[in-house]
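Notes follow once the structure below has been shown.
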Amino acid sequence: MKILLPLVCAATLALSACASNSVTYYQLPGSNYQLPATSQRTPVQLKVVLAERLNQGNLVYQDSPTTLHFAQQHLWADDLGNEISLALANELNKQSAHYLFTPESKPKAATLTVYIQSFQGSYDGYIYINGYSSWLGTDETGQNFNVRIAQQGNGYSNMVKALAQGLTSVAQSIAPYN
0 MKILLPLVCA ATLALSACAS NSVTYYQLPG SNYQLPATSQ RTPVQLKVVL
50 AERLNQGNLV YQDSPTTLHF AQQHLWADDL GNEISLALAN ELNKQSAHYL
100 FTPESKPKAA TLTVYIQSFQ GSYDGYIYIN GYSSWLGTDE TGQNFNVRIA
150 QQGNGYSNMV KALAQGLTSV AQSIAPYN
């Protein structure tokens, strides 16, 4: 009996370790804001507004034409809207020589608001980022964007890399021509 009890405990621990699901957290590449070298630009506050379903902290995967899967073990490390805002500001600053896009509020600065309705991987091997932009305090006009990029390899890490690449395409779509 003395030998049986430790064996049962060891087996129980081994099985419970196999049953536990660890959570993996993801960060968008390029989501550390970098101030551009030149400061002779007109400041623009960048705001990102996410569809409600994207505010849950889960990575989203479309697993059929009509259903979305919210990953329970694969989560964003930080607020997704903030990560997108930082990464998109970096990309827009690469695209524009006239404007300085910042994720922080600047007094009397023009505002570019980016509404993101889809930001997800898909069963068809692509990522999708859809939405539109709107300007306030400038003569610039907003743009719709519908980005579809092939994911290179399987898994959530590759999906996150493709989503970051998609933000570069979004920036190219909505950047003002100057």
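So in numbering that gives the first Met the number 0, spot 24 of the sequence shown is number 23, and the numbers just go up one at a time. Glycine included, C-beta positions come from ideal geometry on N, C-alpha and C. As the structure is a computational prediction, the values presented were derived from the model and not from experiment.
| Asked | Found |
| --- | --- |
| Tell me whether the segment 56-74 and the segment 28-39 touch, counting them as touching only if at least three CB pairs, one residue from each stretch, are closer than 8 Å. | no |
| Give the DSSP-derived three-state secondary structure of residue 156 in the structure shown. | helix |
| Alpha carbon to alpha carbon, what distance is there between residue 71 and residue 24? | 11 Å |
| Can you grab the Cα-Cα spacing for the pair residue 129 / residue 120, in whole Å? | 12 Å |
| Spell out the partners DSSP gives residue 111 in its beta bridges. | 45, 134 |
| If we ignore side chains and look at the alpha-carbon of each, how far apart do residue 196 and residue 20 end up? | The structure shown does not extend to residue 196, since the chain is modelled only from 0 through 177, so no value can be given for it. |
| Roughly how many angstroms lie between the CA atoms of residue 108 and residue 100, to the nearest whole one? | 10 Å |
| Look up residue 24 in the DSSP assignment and give the residues it is bridged to. | 74 |
| What residue from 123, 49, 112 has the CA that sits closest to residue 43's CA? | 112 |
| Tell me whether residue 47 is buried or exposed, calling it buried when 16 or more other Cβ atoms sit within 10 Å of its Cβ. | buried |
| Quick one: what's residue 99 bridged to in DSSP? | 42 |
| Exposed or buried, which one is residue 16 when buried takes at least 16 other CB atoms within 10 Å? | Reliability fails at residue 16, whose pLDDT of 46 lies under 50, so the model's placement of it is uncertain and the value that follows must be treated cautiously. Per the 10 Å Cβ criterion, exposed. |
| According to DSSP, simplified to helix, strand and coil, what is residue 150? | coil |
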